[in-house]
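The next block holds one structure in the form of structure tokens; read it before the comments.
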Amino acid sequence: MGFSFNGNTPNEITFNGNDVLVLKWNGTTVWEKSASHDYSEDYLTFVAKTSGTFVFSGTSTSNTISYSTDNGNTWSTSSQGGTINVNANDIVLWKGNLRISGNSGVCRFSGGTASFDVQGNIMSLLYGDNFVGKTSISDSYLFFALFQSAKIVNAENLILPATTLYYGCYNSMFRGCTSLITAPQLPSTTLAQYCYQSMFQGCTSLTTAPDLLAPTLANRCYYYMFYGCTKLNYIKMLATDVSATNPFYYWVRNVASSGTFVKYSSTSINRGNNGIPNGWTIVNI
Numbered sequence: 000m001g002f003s004f005n006g007n008t009p010n011e012i013t014f015n016g017n018d019v020l021v022l023k024w025n026g027t028t029v030w031e032k033s034a035s036h037d038y039s040e041d042y043l044t045f046v047a048k049t050s051g052t053f054v055f056s057g058t059s060t061s062n063t064i065s066y067s068t069d070n071g072n073t074w075s076t077s078s079q080g081g082t083i084n085v086n087a088n089d090i091v092l093w094k095g096n097l098r099i100s101g102n103s104g105v106c107r108f109s110g111g112t113a114s115f116d117v118q119g120n121i122m123s124l125l126y127g128d129n130f131v132g133k134t135s136i137s138d139s140y141l142f143f144a145l146f147q148s149a150k151i152v153n154a155e156n157l158i159l160p161a162t163t164l165y166y167g168c169y170n171s172m173f174r175g176c177t178s179l180i181t182a183p184q185l186p187s188t189t190l191a192q193y194c195y196q197s198m199f200q201g202c203t204s205l206t207t208a209p210d211l212l213a214p215t216l217a218n219r220c221y222y223y224m225f226y227g228c229t230k231l232n233y234i235k236m237l238a239t240d241v242s243a244t245n246p247f248y249y250w251v252r253n254v255a256s257s258g259t260f261v262k263y264s265s266t267s268i269n270r271g272n273n274g275i276p277n278g279w280t281i282v283n284i
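Position one of the sequence shown corresponds to residue 0 (numbering that gives the first Met the number 0), numbered consecutively onward.
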């Protein structure tokens, strides 16, 4: 192979189930390294941390959702919803061609008893098997209350790739997820009215907000976004145009009493529930 480790030339190269590159010599591991993983190419995925149930429900009789418990080899389909029994470490993939019904979003994942991490690309709910590279959403309230009150612990590898948002599209998405410790990234740079309304409201285990990088705010875009996140103590908000109507309305009411708020020095934001929390340190960059 042209290279060696500790004098041994690997004669077996494999990836294990966690995307770790493993080099072996006569069955003995001589080197291993984690490979970077692109979660945007994965179906929306739940990884169970405890045994229990996943519960899902449709919001329209015309919608069908499919799930796989064997890494996508076989899929089960439901038009309305149901309950899946899982053990710790079980993995469930999700896909569909879901559309909203009124202002109720596409579906719900709430009411289950299993705690879990959520990862992969949320677009698999909208585009089925053809979700990779999709960045367009076309409806208001699209993911309304999608995970509301679910027992999610880690969502850092959940991909929300939409580049332009619609009215209320992520409204209440994680509202009441009291176990949520890590939030997903929010890469969109074009916001819409109420797009993040109550997205993390009541997430009492969340300490750090996702970086808010959109340069121009929309009317009420962060409305109630972190209301009641009692442990939240860090926000980076890098908008340069905050002239929209009430973009911060009650967004930090009842967060931690002390923390750090990062912003551009040129951006002026008031103190209080509708701006920078009282008692927090401001870091200008």
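Virtual Cβ for every residue (Gly too), placed ideally from N, Cα, C.
Please read these numbers as outputs of a predicted model, since none were measured by experiment.
Within a Cβ cutoff of 7 Å, which residues of the same chain sit near residue i, ignoring the five residues on either side of it in sequence?
i: residue 47; result: 85, 86, 87, 88, 89, 113, 115
i: residue 255; result: 229, 230, 231, 232
i: residue 141; result: 99, 104, 105, 165, 168
i: residue 274; result: 247, 268
i: residue 73; result: 67
Identify, in the order they occur along the chain, each residue of the same chain with its Cβ nearer than 6 Å to the Cβ of residue i, setting aside the five sequence neighbours on each side.
i: residue 212; result: 237
i: residue 50; result: 86, 87
i: residue 2; result: With a pLDDT of 46 at residue 2, under the threshold of 50, the modelled position of this residue cannot be trusted, and the question is left open.
i: residue 94; result: 42, 65, 123, 127
i: residue 234; result: 208, 260
i: residue 71; result: 92
i: residue 62; result: 97
i: residue 283; result: 264
i: residue 119; result: 38, 41, 42, 43, 44
i: residue 243; result: 216, 217, 218
i: residue 139; result: 165, 166, 167
Is it the case that the Cβ atoms of residue i and residue j are separated by a distance below 7 Å?
i: residue 198; j: residue 169; result: yes
i: residue 123; j: residue 147; result: no
i: residue 117; j: residue 92; result: no
i: residue 195; j: residue 221; result: yes
i: residue 227; j: residue 245; result: no
i: residue 155; j: residue 177; result: no
Measuring alpha carbon to alpha carbon, tell me which of the options ends up nearest residue i.
i: residue 179; options: 42, 202, 278; result: 202
i: residue 218; options: 247, 54, 226; result: 247
i: residue 173; options: 153, 284, 164, 161; result: 153
i: residue 210; options: 259, 244, 58, 279; result: 259
i: residue 59; options: 208, 268, 283, 102; result: 102
i: residue 132; options: 206, 227, 272, 41; result: 41
i: residue 109; options: 243, 61, 284, 52; result: 52
i: residue 69; options: 243, 44, 176; result: 44
i: residue 271; options: 206, 56, 280, 265; result: 280
i: residue 135; options: 121, 145, 37, 264; result: 121
i: residue 111; options: 119, 145, 161, 97; result: 145
i: residue 241; options: 162, 224, 39, 262; result: 262
i: residue 249; options: 55, 277, 257, 239; result: 277
i: residue 162; options: 137, 177, 143; result: 137
i: residue 55; options: 39, 38, 75, 37; result: 75
i: residue 150; options: 204, 160, 257; result: 204
Can you give me the start and stop residues for the alpha helix (DSSP H) that residue i sits inside?
i: residue 109; result: Looking at the DSSP string, residue 109 is not in any alpha helix (DSSP H), and its letter there is neither H nor E.
i: residue 126; result: 123–126
Say whether chain B places a C-beta atom closer than 7 Å to the C-beta of residue i.
i: residue 38; result: In the displayed structure, chain B is absent; only one protein chain is listed.
What are the boundary residues of the beta strand (DSSP E) that includes residue i?
i: residue 47; result: 43–47
i: residue 65; result: 64–67
i: residue 93; result: 90–95
i: residue 75; result: 75–77
Return yes when at least one heavy atom of the ligand ATP lies under 6 Å from the C-beta of residue i, else no.
i: residue 82; result: In the structure on display, the ligand ATP does not appear, and there are no ligands present to speak of.
| Between the region 72–83 and the region 125–132, are three or more C-beta pairs nearer than 8 Å? | No, the region 72–83 does not touch the region 125–132.
| request: Please determine if the region 211–226 and the region 182–198 are in contact, where contact requires at least 3 C-beta pairs separated by less than 8 Å. | output: Verdict: yes, contact present.
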